[in-house]
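Shown next, in structure tokens, is the structure this report addresses.
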Amino acid sequence: MHEELSKTLNIILNLNDVCGKKIITQEEINEQKANLEDYQRMFFELDNILSRIERDELDSVDDTVEALVQLHLKYSDYIWHIDQIHELVKKMVGNYRENFKNN
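In this note's numbering, the protein residues as written are 18 to 120.
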């Protein structure tokens, strides 16, 4: 999924480049690039949590609940990262036509 999000960002940046008035700001671009780096790291953390649960390395009910809470939070992060790219897509959809250079 990281590859798809990166491709989507690149497409949006290419479309942004052909706009007379930029739709996506440099700050948004920088933030999204940092988000993608975080997204990639998140998968290692998610894999570690899943591995702990699969290998039954949890010593108590409290440890199990804690691991499930961590899993929930990682999936919430996953959804947030996808939503951030989705917000840029929506912004481009709503503004591309009137900002395209040939208009």
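Don't be surprised by glycine CBs; every beta carbon is placed ideally from N, CA and C.
Burial state of residue i, where buried means 16 or more other Cβ atoms lie within 10 Å
| i | result |
| --- | --- |
| Y56 | buried |
| L105 | buried |
| I40 | buried |
| L85 | exposed |
| I29 | buried |
CB contact flag (residue i, residue j, <8 Å)
| i | j | result |
| --- | --- | --- |
| M109 | L26 | no |
| G10 | N116 | Because the chain spans 18 through 120 in this model, residue 10 falls outside it and cannot be assessed. |
| I102 | Q43 | no |
| L53 | H19 | yes |
| K118 | V35 | yes |
- Query: Below 8 Å, can you find three or more Cβ-Cβ pairs linking the stretch 81-92 to the stretch 62-70?
  - Reply: yes
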